[in-house]
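Per mature numbering (1 follows the signal peptide of the UniProt record, and there is no 0), the sequence shown runs over residues -20 to -1, 1 to 397. Built from N, CA and C at the ideal position, the CB exists for glycine as well.
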Amino acid sequence: MLSPTINKFVPLAIVVAVLAACGQSGGDQHAGGAPGGAPPAPSVGTVTVAARTVELSTELPGRTAAYQIAEVRPQVGGLLRERLFKEGAEVKAGAPLYQIDARSYQAAFDSAAAALKRAEATAESARLTAQRNRELGKIDAISKQTVEDSDAALAQAEADVAARRADVQTARINLDWTRVSAPITGRIGRSAATPGALVTAGQAEALATIQQLDPIYVDITQSSAELLKLRRALAEGQLKSAGDGKAAVRLTLEDGSAYALEGKLEFAEVSVDQATGAVTLRAVFPNPKGELLPGMYVRAAVPQGSSSAAITVPQRAVSRTPRGEAQVMVVGAEGKAEPRLIDVTRTVGDSWLVAKGLNAGDKVIVEGLQYVQPGAPVQAQDMSAAPAQAQGGNAAPTGKDAGSAKAEAAPAQTAAR
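1) Below 6 Å CB to CB, which residues in the same chain sit around V(-11) once its five sequence neighbours on both sides are set aside?
2) Looking only at its chain, what residues have a beta carbon closer than 8 Å to the beta carbon of residue 404, apart from the 5 residues adjacent to it on each side?
3) Beta-carbon within less than 6 Å of I49's beta-carbon, same chain only, minus the 5 sequence neighbours each way: which residues are those?
4) Only counting the same chain, and skipping five residues up and downstream in sequence, which positions put a Cβ closer than 7 Å to that of A297?
5) Indicate whether A73 and I164 have their beta-carbon atoms separated by less than 8 Å.
6) Leaving out five residues on either side along the sequence, give the residues of the same chain with a beta carbon under 8 Å from the beta carbon of R279.
7) Under the three-state reduction of DSSP, which class applies to K244: helix, strand or coil?
8) Considering only their Cβ atoms, is the gap separating V282 from I153 smaller than 8 Å?
9) Quick check for students: name the residue ranges of the beta strand (DSSP E) that lie wholly in the region 296 to 327, counting only runs of 3 or more.
10) I'd like the list of long-range same chain contacts for V148, defined as Cβ closer than 6 Å, with 5 residues on each side in sequence excluded.
11) For E185, collect the residues of the same chain with a Cβ closer than 7 Å to its Cβ; drop the 5 residues on either side in sequence, then sort them by chain order.
12) For L321, which option in E128, V264 and R303 has the closest C-alpha, if you only look at C-alpha atoms?
13) On the three-state DSSP scale, how would you describe I122?
14) With A266 and P195 assumed to form a contact (beta carbons below 8 Å), what rounded beta-carbon distance in angstroms separates them?
15) Over what stretch of residues does the beta strand (DSSP E) that includes P283 continue unbroken?
16) Can you tell which of D81, I119 and A335 has its C-alpha closest to the C-alpha of R159?
17) Nearest to A255 by alpha carbon, out of L208, S203 and R63?
18) DSSP three-state call for K269: helix, strand or coil?
19) Just verifying my parser: in three-state terms, what is the DSSP assignment at L(-19)?
20) Here's a check: name, in chain order, each residue in its chain whose Cβ is nearer than 8 Å to the Cβ of Y277, leaving out the five neighbours to either side.
21) From R146 to A258, what distance separates their C-alpha atoms?
22) Have a look at T126, Q284 and R98 and flag the residue whose alpha-carbon is nearest the alpha-carbon of Q111.
23) Between D330 and P294, is the Cβ-Cβ spacing less than 8 Å?
24) Which first and last residues belong to the beta strand (DSSP E) in which P41 is found?
25) Taking all protein chains shown into account, decide if F247 is buried (16 or more other Cβ within 10 angstroms of its Cβ) or exposed.
26) If I'm right that V34 touches T292 with Cβ under 8 Å, what's the distance once you round it to whole angstroms?
27) Using the three-state DSSP reduction, which class does L116 fall into: helix, strand or coil?
28) Here's the rule: buried if 16 or more other CB atoms are within 10 angstroms of the residue's CB, otherwise exposed. What is K269?
29) How many Å lie between D253 and G275 at the Cα?
30) Just reading off the beta strand (DSSP E) that K72 is part of, what are its end residues?
31) Where DSSP assigns a beta bridge to P357, which residues make up the other side?
32) Is the beta carbon of L273 closer than 8 Å to that of Y47?
33) Using the three-state DSSP reduction, which class does Y239 fall into: helix, strand or coil?
34) Hey, out of A21, Q361, Q350 and Y78, whose CA is closest to A177's CA?
35) Quick one: grab the DSSP three-state call for E206.
36) Thinking just about the alpha-carbon of each residue, which of R114, G117, T102 and Y351 is nearest to the one in G141?
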């Protein structure tokens, strides 16, 4: 049996032994590199920046407009007898559209023709009289005054014939105008008048409107500020001209679909609209199926030049700082992720065109950005060499990363137990 003094120190000795064992166990774990150590560097996908030639184009709003447009109005007045076309149909230039009551114009033509015949008969009589008087005048059978009077009468009769002939021509034109014809080839709209209506020459309201839709114009607007910036870049050699003004233009329709046929840029307006501060560009497009109608809203991709040493970066690699600045993560010389502010000017396909902030050879992180911290080491994998890697910024870790995650989870579960 132990003495009371010994019994007093036994619990204290047990506590000291337990603490010593715990300290040795902790030291063994740290020395052996247990799963509680630093996690491995995350694997990220990168693209290597390279300078390349880029064809630059700008997508601008526009409206379609008829290639030719003509409002049909009567040239003579009268009752409308007949409509000779189907509304909405294609009509050829010169095709009859309306028939105006022609009876009064036919009578006027007949009267003018009769007056011409009378004038021609009078002129013939005057010609014969003048011819006789000239012969008689040679032998002094009549006075010189008589000869001159007969010559004057002949000239007057011939002038009267010319006047009557002009009257016949006018009457014929008016008679022809009773048949209203199409001035151009195109598609005709609805008729504003029906048979029985009274029409007048040059009336304000058109009887119908014809529009040529194949080809068709697209009027595009560009701000004068953007135009000045483009011209400055061309003058400084940053861009090369896209061509001689006949560059190809592509269209995107109102529903977001692409128009199948290319158009050609025809010209740029020589003045700026004071109300909008914009310049109008006009392109012409083939429209054989009539898909484009006047007044449709479209977006046109207009080529503006080419840059021979352009730096581009995928759009998915670019984020924005709280101040709205464009930023990418690059892999530095020591294999660590570094944030880099960049200036972007426009989109080129699915990439941004970078004005400054990146150089050829920089490695930009495009995949795995959610696992990256500034200044932390990363394992870079070239995306061009491994296209089958996970796409997008929310892919879960796989392979070695997944194994590491499981190993890190094990001590936590043991501690919980």
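Per the coordinate set shown:
1) Bear in mind that a pLDDT of 44 at V(-11), under 50, signals an unreliable position, so the model cannot answer this.
2) Given a span of -20 to 397 for the chain in the structure shown, any question on residue 404 remains unanswerable.
3) Q191, listed in sequence order.
4) Correct list, in chain order: V308, V344, I345 and V346.
5) Using a Cβ distance threshold of 8 Å, A73 and I164 count as a contacting pair.
6) Annotation for R279: E39, L40, P41, G42, L231 and T232 place their beta carbon closer than 8 Å to its own, counting only its chain and skipping 5 residues before and after.
7) K244: strand per DSSP, three-state reduction.
8) With a cutoff of 8 Å on beta-carbon distance, I153 and V282 are scored as not near each other.
9) If only uninterrupted beta strand (DSSP E) runs of at least 3 residues are considered, those enclosed by the region 296 to 327 are 306 to 311.
10) The residues are A92, A93 and L96.
11) Contacts found: A172.
12) Checked all of E128, V264 and R303; the closest Cα to L321 is R303.
13) Looking at I122 - three-state DSSP - the assignment turns out to be coil, as it is neither helix nor strand.
14) Sequence check: residue 266 is Pro here, not Ala. That pair is a contact at about 5 Å.
15) Counting along the chain, the beta strand (DSSP E) containing P283 begins and ends at Y277 to P294.
16) Ranking D81, I119 and A335 by Cα distance to R159 puts D81 first.
17) If you compare the alpha carbons of L208, S203 and R63 with that of A255, the shortest gap goes to S203.
18) K269: coil per DSSP, three-state reduction.
19) No answer about L(-19) holds up, because its pLDDT of 45 lies below 50 and its placement is not dependable.
20) Once the five neighbours on either side are set aside, the close Cβ partners of Y277 are P41, G42, R43 and E234.
21) First, the residue type needs correcting, since residue 146 is Ala and not Arg in the sequence shown. Looking at the two C-alpha atoms, the distance is approximately 52 Å.
22) Closest by alpha carbon: T126.
23) A distance below 8 Å separates the beta carbons of D330 and P294.
24) Start and end: R32 to V52.
25) Within a 10 Å sphere around the beta-carbon of F247 sit fewer than 16 other beta-carbons, which makes this residue exposed.
26) Between T292 and V34 the Cβ distance is about 7 Å, and since that is below 8 Å, they are a contact.
27) Helix.
28) Exposed.
29) Cα to Cα, D253 sits roughly 19 Å from G275.
30) No beta strand (DSSP E) holds K72; DSSP gives it neither H nor E.
31) According to DSSP, P357 bridges with K316.
32) It is not a contact, given that the beta carbons lie outside the stated cut-off.
33) Three-state result, Y239: coil.
34) Residue nearest to A177 within the set A21, Q361, Q350 and Y78 is Y78 (criterion: CA-CA distance).
35) In the structure shown, E206 sits in a helix (DSSP, three-state: H, G or I).
36) The residue you asked about is not Gly; residue 141 is Val in the sequence shown. Each of R114, G117, T102 and Y351 was checked against the Cα of V141, and the nearest Cα belongs to T102.
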